[in-house]
Amino acid sequence: QQQVKQSPQSLIVQKGGISIINCAYENTAFDYFPWYQQFPGKGPALLIAIRPDVSEKKEGRFTISFNKSAKQFSLHIMDSQPGDSATYFCAASFSTGNQFYFGTGTSLTVIP
Amino acid sequence: NAGVTQTPKFRVLKTGQSMTLLCAQDMNHEYMYWYRQDPGMGLRLIHYSVGEGTTAKGEVPDGYNVSRLKKQNFLLGLESAAPSQTSVYFCASSRAKQGPDTQYFGPGTRLTVL
Chain A
1 QQQVKQSPQS
11 LIVQKGGISI
21 INCAYENTAF
31 DYFPWYQQFP
41 GKGPALLIAI
51 RPDVSEKKEG
61 RFTISFNKSA
71 KQFSLHIMDS
81 QPGDSATYFC
91 AASFSTGNQF
101 YFGTGTSLTV
111 IP
Chain B
1001 NAGVTQTPKF
1011 RVLKTGQSMT
1021 LLCAQDMNHE
1031 YMYWYRQDPG
1041 MGLRLIHYSV
1051 GEGTTAKGEV
1061 PDGYNVSRLK
1071 KQNFLLGLES
1081 AAPSQTSVYF
1091 CASSRAKQGP
1101 DTQYFGPGTR
1111 LTVL
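Respectively, the protein sequence lines represent chains A and B.
Under the working numbering, the first residue of the first sequence is numbered 1, with each subsequent residue one higher.
Under the working numbering, the first residue of the second sequence is numbered 1001, with each subsequent residue one higher.
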């Protein structure tokens, strides 16, 4: 059973547009939600993370929006660039553990 | 500072053969993890270790064994490879910290089982 559901599976965005990737979870005990970025042939790398005590976190062009009541969180990439083309994974973890539950990934393509 | 390295990068096995994947980290991290990545399935945790000499099962441990004899190394073994184990395998490590912390991933090993 997938602990974290991610959509869409793939996304094509024009340069300068906004990319939005959504994730949903069921277990309310999750309290750490990172996003990882993976380029072809490389391992995933942490992009940005949020804890449920805030509804939004912004780092440069990347923003996580968190809706605790809906058990959903999303990644917004503003002014998307071709260099953002990668696979993005959301994940969730418990406060007392180190095990991450990853979503199925979103392949983002930003076209010039 | 190489971070997390994995050996080998690619491997082709025949059904029933065995092999060991090596993960090494030079960040003095306590925790290490093995994941497999399959299309449409994301990253799934196979086994992990919270310190030298300790290992624990993750989501998909069947068919794999692990060992953490040294803090910097985490080995993943396949005793009798099956085509279902064709995948890309990633190792990761993180600091010892109360609660979740950033996991640093290696570059991956692409394994094909014929």
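Just so you know, even glycine gets a beta-carbon here, dropped at the ideal spot from N, CA and C.
Residue(s) in a DSSP beta bridge with residue i
i: B:Asp-1038; result: B:Gly-1042
i: B:Gly-1077; result: B:Thr-1020 and B:Asn-1065
i: A:Glu-56; result: A:Ser-65
i: B:Val-1004; result: B:Gln-1025
i: B:Val-1113; result: B:Leu-1013
i: B:Met-1032; result: B:Ser-1049 and B:Ser-1093
i: A:Ile-21; result: A:Leu-75
i: A:Thr-109; result: A:Ile-12
i: B:Val-1088; result: B:Gln-1037 and B:Arg-1110
i: A:Phe-30; result: A:Phe-94
i: A:Thr-87; result: A:Gln-38 and A:Ser-107
i: A:Ala-49; result: A:Pro-34
Best match in the options for proximity to residue i [C-alpha to C-alpha]
i: B:Ile-1046; options: B:Gln-1072, B:Asp-1101, B:Leu-1114 and B:Cys-1091; result: B:Cys-1091
i: B:Val-1004; options: A:Gly-43, A:Asn-67 and A:Ala-86; result: A:Gly-43
i: B:Thr-1020; options: B:Asn-1028, B:Ser-1094 and B:Leu-1076; result: B:Leu-1076
i: B:Ala-1002; options: B:Gly-1016, B:Val-1060 and B:Gln-1072; result: B:Gln-1072
i: B:Ser-1084; options: B:Leu-1069, B:Arg-1036, B:Arg-1095 and B:Lys-1097; result: B:Arg-1036
i: A:Gly-103; options: A:Pro-112, A:Thr-87 and A:Gly-41; result: A:Thr-87
i: B:Val-1060; options: B:Gly-1099, B:Pro-1100, B:Gly-1108 and B:Ser-1087; result: B:Ser-1087
i: A:Tyr-25; options: A:Lys-68, A:Thr-109 and A:Gly-105; result: A:Lys-68
i: B:Glu-1079; options: B:Leu-1043, B:Ser-1093, B:Gly-1063 and B:Pro-1008; result: B:Gly-1063
i: A:Tyr-101; options: A:Ser-107, A:Ala-91 and A:Ser-95; result: A:Ala-91
i: B:Tyr-1048; options: B:Pro-1039, B:Thr-1102, B:Tyr-1033 and B:Gly-1042; result: B:Tyr-1033
i: A:Pro-8; options: A:Gln-2, A:Asn-22 and A:Gln-14; result: A:Asn-22
i: B:Arg-1110; options: A:Glu-56, A:Thr-63, A:Ser-93 and A:Pro-40; result: A:Pro-40
Where residue i meets chain A, residues with beta-carbon distance less than 7 Å
i: B:Gln-1103; result: Phe-100
i: B:Ser-1093; result: Near B:Ser-1093 there are no residues of chain A at all, since even the closest Cβ is about 10 Å away, more than 7 Å.
i: B:Phe-1090; result: Gly-43
Exposure of residue i, with buried meaning 16 or more beta-carbon neighbours within 10 Å
i: A:Phe-33; result: buried
i: B:Ser-1018; result: exposed
i: B:Val-984; result: Outside the shown range of chain B, which is 1001 to 1114, sits residue 984 of chain B, and nothing can be said about it.
i: A:Val-4; result: buried
i: A:Gln-6; result: buried
i: B:Leu-1043; result: buried
i: B:Thr-1007; result: exposed
i: B:Leu-1069; result: exposed
Partner residues on chain B for residue i, Cβ-Cβ distance less than 9 Å
i: A:Lys-42; result: Phe-1105, Pro-1107 and Gly-1108
i: A:Phe-89; result: Gly-1042 and Leu-1043
9 Å Cβ cut-off: residues of chain A touching residue i
i: B:Tyr-1064; result: None at all; the shortest Cβ gap to chain A is about 16 Å.
i: B:Val-1132; result: Nothing can be reported for residue 1132 of chain B: it is not among the residues displayed for chain B, which extend from 1001 to 1114.
i: B:Tyr-1031; result: Asn-98
Under 8 Å from the C-beta of residue i: neighbouring residues of chain D
i: A:Tyr-32; result: Looking at the structure shown, chain D is missing, and the protein chains on hand are A and B.
Chain B contact residues for residue i, given Cβ-Cβ distances below 7 Å
i: A:Ala-86; result: Ordered by position in chain B, no residue passes the 7 Å Cβ test against A:Ala-86, which lies about 13 Å from the chain.
i: A:Ala-29; result: Ordered by position in chain B, no residue passes the 7 Å Cβ test against A:Ala-29, which lies about 12 Å from the chain.
Residue i Cβ short of 7 Å to the ligand FAD heavy atom set
i: B:Pro-1008; result: Looking for the ligand FAD in the displayed structure turns up nothing, as the structure carries no ligands at all.
Per-residue contacts from residue i into chain B (C-beta, under 8 Å)
i: A:Gly-103; result: Gly-1042
inquiry  = Contact between the stretch 17-31 of chain A and the stretch 72-86 of chain A is defined here as three or more beta-carbon pairs at a separation below 8 Å; is this criterion met?
reply    = yes
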